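Protein chains in written order, with full-length UniProt numbering: chain A, 1 to 313; chain B, 1 to 284; chain C, 1 to 336.
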């Protein structure tokens with residue numbers, strides 16, 4: 001058990017390094033001078049030189065990388081070129097709506113997708129099963145912003161159940177916050193639960209054809225018991241795996257959804273930073289999102305031990 | 001089962017030609033037609049018409065007009081070209097590069113360690129964000145957009161190919177070929193590539209669908225295809241600020257995007273089922 | 001005359017929404033309490049489907065089961081619904097399967113899976129359940145049973161897992177045990193141990209066993225009666241002596257001559273004779289006798305006429321118009 005955890009923790013190190021080097025190199029792969037790119041088109045020579053000095057872009061590449069890694073290790077992502085604020089504090093200001101939206105979407109999707117996938121597999125071949133299969137392909141084919149605007153049109157503009165856009169922070173009360181994020185969360189849940197339900201259904205079908213399911217029935221277990229006690233635990237590994245891998249798609253969707261619903265989260269921070277060429281902020285956000293993703297996938301791998309006793313050794 | 005395998009009861013014909021597949025093929029042909037002939041017939045839909053601003057769908061402007069008076073119908077039909085080009089080229093690029101890297105990783109142990117660590121790292125960065133950053137750093141333009149969308153997709157394809165290669169390598173006839181001393185490049189070309197081609201084609205459809213979605217997302221966020229090129233993402237982005245007043249600006253290109261991606265995914269599913277009979281022919 | 005313990009008449013099973021694939025066709029047999037009936041035939045001959053139909057393990061929607069009679073210990077199995085079958089499974093009849101590797105749930109402990117077999121049918125305290133599990137684990141000779149209860153299936157060897165399967169099947173003392181090739185996936189030495197264990201438990205509990213196998217060596221060891229199946233139909237039925245010494249259907253004779261024998265003192269071993277051809281497709285059964293085109297003794301009429309059942313000796317019946325005499329192994333070698 002301990003060696004499994006240790007090995008898995010150790011395997012994170014190269015991934016983190018690759019992420020950091022990639023994000024660092026992003027600034028240097030472009031065709032032009034990074035300092036000039038950051039300074040923008042109308043910058044004077046002095047301004048460009050000033051940026052070069054400040055961001056230490058005049059040092060050798062390896063030295064820059066080393067300094068960069070050192071800064072990141074002390075959680076220093078530099079300062080925004082645009083506003084001068086530390087990148088870390090900008091991210092912390094924006095993290096709340098994004099985190100709540102992501103968690104809200106996850107909870108919603110898991111509550112919808114796993115029962116639906118399992119149920120569809122149990123009723124494989126029926127009209128309801130087919131309807132779910134169609135719904136799931138639609139769910140991950142329709143662009144997030146199309147779903148978002150459609151939901152706004154129906155539930156905000158016509159039915160007036162939810163606000164059209166904007167975000168109420170937790171400080172304004174939990175319910176107000178949840179209400180302001182419900183349509184965005186449903187939007188993202190379309191995508192996320194489609195991916196999870198598809199895998200849940202497919203693995204459930206596979207598990208239901210296993211010999212041990214026949215054994216359970218042969219000793220007199222009823223259908224519901226076979227499904228819940230014998231089958232459900234065995235779809236755990238593939239289902240948490242797809243939750244982990246789809247989380248990347250979810251984060252991408254968050255960026256778009258925040259733009260549709262005008263939510264001041266990390267996605268908006270990224271897009272605004274890109275449009276203002278505020279590269280330290282872009283790098284900081286990329287690294288933060290990647291670390292979240294790495295952590296989620298680490299948790300996913302460690303959770304295998306819950307479902308599969310063979311992993312525990 | 002996938003959507004693609006749904007058939008009407010009692011219907012006969014080739015087994016793969018199911019109702020959803022027929023519908024998907026129809027839409028794909030339609031969109032392909034739009035991509036080829038649309039810009040020739042309707043132009044690129046960039047003509048400004050201040051008299052016709054934010055008009056709802058009517059006899060003159062079938063899909064309505066945007067805030068600059070541009071005809072949404074012309075822009076939607078012509079916008080098909082951009083999506084088709086991005087989808088197909090990205091899929092080809094990802095397949096070529098990812099496929100080659102995957103075969104190398106699956107075949108040469110020394111490359112495997114390095115390539116897979118890099119792939120793990122790249123996959124840890126959310127794809128859309130990496131693409132956004134790449135576009136803004138490399139500068140706009142169609143080629144940049146395609147590269148930016150392809151880069152995050154390559155590791156996944158390489159990983160898939162690597163696992164396919166690893167399993168093919170264990171097949172008896174390949175082991176036999178190795179044991180009698182066939183040259184490595186011969187084994188790769190004769191055994192590995194032909195056997196991996198199915199998985200590659202299925203992956204290609206998914207990459208193509210994902211690329212179309214990514215391009216639309218980038219354009220929607222304002223960092224994708226240059227605004228003067230009609231692209232569905234651009235049209236949706238131009239309607240962003242007017243969606244209460246003029247929902248048609250978003251609706252029509254949005255529907256076309258959904259149809260295109262849905263059709264590609266359904267065909268991809270059918271292809272997968274076709275190549276992997278285990279999934280569909282299983283006894284209850 | 002008293003009813004036999006298990007009585008099956010004219011059982012047919014077909015799969016598919018319209019019953020396209022008729023995989024079992026008019027099978028009849030009886031089984032006395034405490035006796036062993038061996039169902040013999042090659043893979044795909046319908047022997048497993050026959051057994052799983054008795055257990056009600058086929059999905060009702062896609063399977064059509066018809067029979068004139070299917071009675072177990074006075075219970076009409078034909079009228080049972082899924083809920084009634086669930087009550088009967090484990091208590092009246094139980095089943096063990098070919099592959100003990102995949103037949104145990106990998107995510108649950110041995111103890112849980114055994115305990116479940118008890119508490120599904122009997123209202124016992126947790127301590128009593130554990131006592132029952134321990135007792136049955138000892139009966140099937142699993143060393144260190146207390147520790148094994150907390151083990152997962154992957155921690156046990158194949159032979160041990162099959163012992164667990166047997167323990168699970170017998171924990172509620174069912175009167176009928178269906179063993180579907182329980183030794184095929186095991187090493188030869190382990191096979192012998194499992195067969196011996198089954199025999200011992202049968203004598204002790206008085207369990208009737210339906211033993212499905214394609215291994216005639218196993219049949220000779222444990223069988224009382226033998227029923228030979230071919231392409232979904234019974235072709236010959238009799239006591240183990242009838243079948244081994246006086247096989248009268250061409251298929252049975254073929255099976256026997258395709259089995260390696262070893263007689264002490266015999267120097268040159270007899271050459272193995274194979275049965276030419278392969279099983280016909282269920283959707284495309286030939287006219288006349290199903291086996292005619294592979295039969296070494298077929299007469300021209302065999303190709304046209306469905307053979308009648310004939311009794312060649314008391315209790316020994318065969319579905320063949322040209323019954324073969326005893327020891328009349330096919331003379332002609334397979335033409336190659």
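For every residue, glycine included, the Cβ atom is placed at its ideal position computed from N, Cα and C. A quick note: this is a predicted structure, and the numbers were derived from the prediction, not measured.
Residue-level contact to chain A via CB, residue i, 8 angstroms cutoff
i: residue 244(C); result: no
i: residue 326(C); result: The pLDDT assigned to residue 326(C) is 44, lower than 50, so where the model puts this residue is not dependable; a value taken from the coordinates is nonetheless given after this. False, the Cβ-Cβ gap to chain A never drops below 8 angstroms.
i: residue 90(B); result: no
i: residue 118(B); result: yes
i: residue 244(B); result: yes
i: residue 109(B); result: no
i: residue 282(B); result: Reliability of the predicted coordinates at residue 282(B) is poor, the pLDDT of 33 falling under 50, and no value is obtained from them.
i: residue 58(C); result: no
i: residue 219(B); result: no
i: residue 11(B); result: The predicted model places residue 11(B) with a pLDDT of 48, which falls under 50 and marks its position as unreliable, so this point remains unresolved.
i: residue 247(B); result: yes
i: residue 103(C); result: yes
i: residue 126(B); result: yes
i: residue 238(B); result: no
i: residue 102(B); result: no
i: residue 82(B); result: no
C-beta atoms of residue i and residue j nearer than 8 angstroms
i: residue 74(B); j: residue 42(B); result: yes
i: residue 212(A); j: residue 79(C); result: no
i: residue 11(C); j: residue 93(C); result: no
i: residue 304(C); j: residue 281(C); result: no
i: residue 21(B); j: residue 203(B); result: no
i: residue 39(B); j: residue 140(B); result: no
i: residue 182(B); j: residue 82(B); result: no
i: residue 207(C); j: residue 194(C); result: no
i: residue 19(A); j: residue 287(A); result: yes
Identity of the residue in the options nearest residue i by Cα
i: residue 264(B); options: 265(A), 140(A), 126(A) and 295(A); result: 140(A)
i: residue 54(A); options: 61(A), 81(A), 37(A) and 60(A); result: 81(A)
i: residue 39(C); options: 246(C), 228(C), 281(C) and 322(C); result: 228(C)
i: residue 164(B); options: 197(B), 172(B), 152(B) and 138(B); result: 197(B)
i: residue 107(C); options: 231(A), 112(A), 127(A) and 76(A); result: 231(A)
i: residue 231(C); options: 13(C), 14(C), 23(C) and 224(C); result: 23(C)
i: residue 115(A); options: 56(A), 293(A), 161(A) and 203(A); result: 203(A)
i: residue 117(A); options: 105(A), 135(A) and 104(A); result: 135(A)
i: residue 171(A); options: 63(A), 96(A) and 79(A); result: 96(A)
i: residue 110(A); options: 284(A), 274(A), 21(A) and 191(A); result: 191(A)
The alpha helix (DSSP H) enclosing residue i, as first and last residue numbers
i: residue 168(C); result: 158 to 170
i: residue 186(B); result: 184 to 187
i: residue 79(C); result: From DSSP, residue 79(C) is part of no alpha helix (DSSP H); its letter is neither H nor E.
i: residue 138(B); result: 127 to 138
Extent of the continuous beta strand (DSSP E) run through residue i
i: residue 10(C); result: 6 to 15
i: residue 49(B); result: From DSSP, residue 49(B) is part of no beta strand (DSSP E); its letter is neither H nor E.
i: residue 37(C); result: 36 to 40
i: residue 211(C); result: 208 to 213
i: residue 124(A); result: Run containing residue 124(A): none; DSSP gives neither H nor E here.
i: residue 252(A); result: Run containing residue 252(A): none in the beta strand (DSSP E); it sits in the alpha helix (DSSP H), 236 to 261.
Chain B within 8 angstroms of residue i, Cβ atoms only
i: residue 167(A); result: no
i: residue 24(A); result: no
i: residue 240(A); result: no
CB contact check: residue i to chain C, cutoff 8 angstroms
i: residue 211(A); result: yes
i: residue 117(A); result: no
i: residue 215(A); result: yes
i: residue 222(A); result: yes
i: residue 145(A); result: no
Query - Touch test, the stretch 227 to 237 of chain A against the stretch 293 to 313 of chain A, Cβ-Cβ under 8 angstroms, three pairs minimum - result: yes
Query raised in the report: Between the stretch 304 to 317 of chain C and the stretch 236 to 244 of chain C, do at least 3 Cβ pairs fall closer than 8 angstroms?
Result: yes
Query raised in the report: Counting pairs of beta carbons, one from the stretch 232 to 251 of chain B and one from the stretch 171 to 183 of chain B, are three or more of them closer than 8 angstroms?
Result: no
Query raised in the report: Three or more C-beta pairs closer than 8 angstroms, one from the stretch 76 to 96 of chain B and one from the stretch 114 to 126 of chain B: is that the case here?
Result: no
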